[in-house]
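If you use full-length UniProt numbering, the sequence shown corresponds to residues 1 to 302, in order.
Quick reminder that beta carbons are idealized off the backbone N, C-alpha and C, glycines included.
Heads up, the thing below is written out as structure tokens.
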Amino acid sequence: MPKIIGKASTVVQEGGLKIDELAGNVATSEDTISIASVTISSPTNEPWLTLKYDEWLCITSGCMLINYYENDEKKQLKVNAGETCFVAKNERFQPEFPIVPTTYIPVCLPAFRPDRCIREEGNEESDISLNLKKLHKMEKEETGTSDEPMMCVVNDEPSSSEVPDQDVLYHMCQKNLWEEAVAKKTAYYPPTFEQDGNFTHATNVPQRLVDTANHFYTSTKGDWICLQLSRSALSNIGIVTIDEGGLPVGDTEVSDQIKENKWVCPHIYAGLPTTVDGVLTKTYDMVRDSDGNFLHITGLTD
């Protein structure tokens with residue numbers, strides 16, 4: 001069902017650079033994808049950048065020059081109005097804007113965050129970087145962890161140092177849907193896979209499973225199981241798992257518990273393979289009462 005999820009938010013207005021985020025962590029409070037409208041009103045250039053996401057740069061007026069290295073040789077790509085340039089994750093490049101006005105639409109997958117965009121600015125961060133961190137609430141004074149990757153902790157206290165095994169992932173699913181995929185020897189996709197952003201929800205904190213199930217899944221019928229998966233086995237076959245903030249499942253928003261405690265949740269950006277050895281390490285039965293509430297997971301939370 002179509003719905004309004006946010007509105008444009010100006011995240012940068014510095015000198016001749018203006019960035020209005022249309023979707024992303026600031027504009028729509030989601031980490032799946034970010035889309036922005038950028039206006040360059042005076043000739044400028046960015047520092048060298050290395051991104052921890054894929055980016056599509058859609059030039060709508062003017063042009064962009066992209067400096068990069070290939071086999072230690074510096075090269076330059078000109079992207080004209082009406083053209084789209086793709087910059088892959090972990091690629092190092094430097095944008096220049098010699099013609100004004102230049103406007104373009106950057107699309108980032110997953111969404112832009114300051115910690116995913118390495119800017120070679122020297123010893124002091126620019127006002128742009130500091131303001132972006134403030135908007136994304138990533139200042140060291142506020143969180144104390146802006147230089148650290150997001151990671152699950154066992155307790156809900158942000159200061160907890162009890163970190164679970166990062167290779168172990170848990171995914172809860174309807175038993176009949178999993179068994180159907182296994183029988184067909186196809187990948188398993190949750191029913192809300194596309195709606196959620198083309199990823200499979202997971203956690204590596206078993207203490208959170210029952211509360212999560214009771215928030216999202218009590219309206220479903222039938223038996224449920226909990227799959228124990230290996231993050232490294234998924235990675236070995238090219239499936240990426242990203243630790244991000246909690247996100248909705250279908251039309252159900254995240255719980256206040258997830259929001260208030262800023263849970264970090266692994267998101268598997270693929271379906272789950274059913275025929276690859278080492279991906280599935282255990283299967284647990286989930287116990288429900290007559291009203292559909294989840295009580296415990298046998299052998300894991302009981």
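(request) Can you give me the Cβ contacts of R92 inside the same chain, cut-off strictly under 8 Å, excluding the 5 residues immediately before and after it? (result) In the sequence shown, residue 92 corresponds to position 92, counting from 1. Taking C-beta separations shorter than 8 Å and ignoring five residues to either side along the sequence, the partners of R92 in its chain run W48, L49, T50, Y68 and Y69, following chain order.
(message) Buried or exposed for P191, going by 16 or more other Cβ atoms inside 10 Å?
(response) Here residue 191 corresponds to residue number 191 of the sequence shown, with the count starting at 1. The residue is exposed, with fewer than 16 neighbouring Cβ atoms inside 10 Å.
(request) Please go through the same chain and pick out, in chain order, the residues whose beta-carbon is closer than 7 Å to the beta-carbon of E120, but skip the five residues on each side of it. (result) Within the sequence shown, numbered from 1, the residue matching residue 120 stands at position 120. Within the same chain, and ignoring the five residues on either side of E120 in sequence, the residues whose Cβ sits closer than 7 Å to its Cβ are P47 and W48.
(request) Flag this pair as touching only if the region 19 to 31 and the region 98 to 117 have three or more C-beta atom pairs under 8 Å; answer yes or no. (result) Yes: the two stretches touch, three or more of their Cβ pairs being nearer than 8 Å.
(message) At the level of alpha carbons, what is the spacing between D302 and M172?
(response) Against the sequence shown, residue 302 aligns to sequence position 302. Against the sequence shown, residue 172 aligns to sequence position 172. So the two alpha carbons sit approximately 16 Å from each other.
(message) At the level of alpha carbons, what is the spacing between M286 and D165?
(response) Translated into the one-based positions of the sequence shown, residue 286 becomes position 286. Translated into the one-based positions of the sequence shown, residue 165 becomes position 165. A straight-line Cα-Cα distance of about 21 Å links M286 and D165.
(request) Might you give, ordered along the chain, the residues of its own chain that have their beta carbon closer than 7 Å to the beta carbon of Y189, omitting 5 neighbours on each side? (result) Numbered from its first residue, the sequence shown carries residue 189 at position 189. Closer than 7 Å at Cβ, skipping near neighbours: G271.
(message) Just to confirm the assignment: which complete alpha helix (DSSP H) runs, minimum length 4, are found wholly within the region 1 to 35?
(response) Correct list: empty.
(request) Report the three-state DSSP secondary structure of S159 (helix, strand or coil). (result) Stepping through the sequence shown from its first residue, residue 159 is reached at position 159. At S159 the pLDDT is 41, less than 50, meaning the model places this residue with poor confidence; the figure from the coordinates comes in the next sentence. It is coil, neither helix nor strand.
(message) If distances are taken between C-alpha atoms only, which option among I33, N80, D196 and A36 comes closest to G62?
(response) The residue you call residue 62 lines up with position 62 of the sequence shown. Comparing C-alpha distances from G62 to each of I33, N80, D196 and A36 shows the shortest one belongs to N80.
(request) Apply the 10 Å Cβ neighbour rule to M1 and answer buried if 16 or more other Cβ atoms are within range, or exposed otherwise. (result) Numbered from 1 along the sequence shown, position 1 holds the residue referred to as residue 1. Exposed, since its Cβ has fewer than 16 Cβ neighbours within 10 Å.
(request) Report all residues from its chain with a CB closer than 6 Å to the CB of V107; omit the five preceding and five following residues, and keep chain order. (result) Within the sequence shown, residue 107 is the residue found at index 107, counting from 1. Closer than 6 Å at Cβ, skipping near neighbours: I35 and W56.
(request) Would you kindly check if the distance between the Cβ of T44 and the Cβ of T103 is under 8 Å? (result) Within the sequence shown, the letter at position 103 stands for residue 103. Within the sequence shown, the letter at position 44 stands for residue 44. With respect to T44, T103 sits apart: the two C-beta atoms are not nearer than 8 Å.
(message) Is the beta carbon of L17 closer than 8 Å to that of I33?
(response) Taking the first residue of the sequence shown as 1, we reach residue 33 at position 33. Taking the first residue of the sequence shown as 1, we reach residue 17 at position 17. Against a cut-off of 8 Å, the Cβ pair of L17 and I33 comes out as no contact.
(message) Looking at the secondary structure, which residues open and close the alpha helix (DSSP H) in which N214 lies?
(response) For the purposes of this step, residue 214 is taken as residue 214 along the sequence shown, with counting starting at 1. Taken as a continuous stretch (DSSP letters only), the alpha helix (DSSP H) holding N214 covers L209 to F216.
(request) Taking all protein chains shown into account, decide if D277 is buried (16 or more other Cβ within 10 angstroms of its Cβ) or exposed. (result) Position 277 of the sequence shown, counting from 1, holds the residue named residue 277. Under this definition D277 is an exposed residue.
(request) Please report how far the alpha carbon of V240 lies from the alpha carbon of C85, in whole angstroms. (result) Translated into positions along the sequence shown, residue 240 becomes position 240. Translated into positions along the sequence shown, residue 85 becomes position 85. The straight-line gap separating the alpha-carbon atoms of V240 and C85 is approximately 23 Å.
(request) Can you tell me which of the three DSSP states D54 falls into? (result) As a working mapping, residue 54 is identified with position 54 in the sequence shown. D54 falls in the strand class under three-state DSSP.
(request) Within the same chain, show all residues whose beta-carbon is closer than 6 Å to that of T10, passing over the 5 residues directly before and after it, in chain order. (result) As a first step, residue 10 is located in the sequence shown; it is residue number 10 there, counting from the start. So the qualifying residues of the chain are D20.
(message) According to DSSP, simplified to helix, strand and coil, what is M138?
(response) On the sequence shown, position 138 is the one that residue 138 refers to. Low per-residue confidence applies at M138: pLDDT is 47, beneath 50, and the placement is therefore not dependable, though the value from the model is reported in the following sentence. Coil, per DSSP.
(request) Say whether the region 176 to 185 touches the region 251 to 267, bearing in mind that this needs 3 or more beta-carbon pairs closer than 8 Å, one atom from each stretch. (result) Verdict: no, contact absent.
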